[in-house]
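Report on the following structure.
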Amino acid sequence: MTASAQARELLHLAATAADSKAGEDLVALDVSGPLPLTDIFLLASGNSERNVVAISDAVEDALNEAGVKTLRREGKEQGRWVLLDFGDLVVHVFHQEDRQYYSLERLWRDCPVVPLDFLARSSL
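Numbering (my numbering), first residue to last: 171 to 294.
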């Protein structure tokens, strides 16, 4: 099974928004095989708590403006790991230290990476 076209459209909006707020190390994983409830995880890092919150706010604003409802939001108060659930897309915005500690890329290493070729930043 592969990620739906709708999930890929949401990914485009979310990744562009994260990139606009200096989100670093953006990685998208197609988790549609092992997870029946979502298609794609987008992982992004911020270099401070304030940056993590700014990235998550930008992502949430961009998707909400496109008519996509946020189903669940966790961790925004601490600014260390913010999880945004949009159904077909789940966005994880980490502080750099927390991203290394939790290492979701390693946990989901069997899932295919979704290319983010549409982003112009060299941090990818």
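A virtual CB, placed ideally from N, CA and C, is assigned to each residue, including glycine.
Between residue i and residue j, which are expected to be in contact by the criterion C-beta below 8 Å, what is the C-beta distance as a whole number of angstroms?
i       : j       : result
Leu-233 : Leu-180 : 6 Å
Ala-187 : Val-222 : Not really, about 14 Å apart at Cβ, beyond 8 Å.
Between the alpha carbons of residue i and residue j, how many angstroms are there, rounded?
i       : j       : result
Asp-182 : Arg-279 : This sequence places His at residue 182; Asp is not what is there. Between His-182 and Arg-279, the C-alpha separation is close to 21 Å.
Phe-211 : Arg-276 : 13 Å
Thr-172 : Ala-184 : 19 Å
Gly-257 : Ser-273 : 22 Å
Out of the options, which has the shortest C-alpha to C-alpha gap to residue i?
i       : options                               : result
Leu-259 : Ser-190, Asp-195 and Leu-213          : Leu-213
Gln-176 : Gly-237, Gly-216 and Arg-242          : Gly-237
Glu-247 : Ala-224, Lys-191 and Lys-239          : Ala-224
Ser-218 : Glu-267, Pro-282, Pro-206 and Val-283 : Glu-267
Tyr-271 : Ala-192, Arg-178, Ser-215 and Ser-174 : Ser-215
Lys-191 : Val-197, Arg-220, Leu-205 and Pro-204 : Arg-220
Leu-205 : Pro-282, Val-197 and Asp-287          : Pro-282
According to the Cβ coordinates, are residue i and residue j closer than 7 Å?
i       : j       : result
Arg-250 : His-262 : no
Arg-242 : Asp-227 : no
Leu-289 : Asp-189 : yes
Ser-202 : Asp-209 : yes
message = What ranges does the beta strand (DSSP E) occupy inside the region 230-283, keeping only unbroken runs of at least 3 residues that lie completely in it?
response = 242-244, 251-255 and 259-265
ask   = Where are the beta strand (DSSP E) runs, 3 residues long or more, that stay fully inside the region 178-206, in chain order?
value = 194-200
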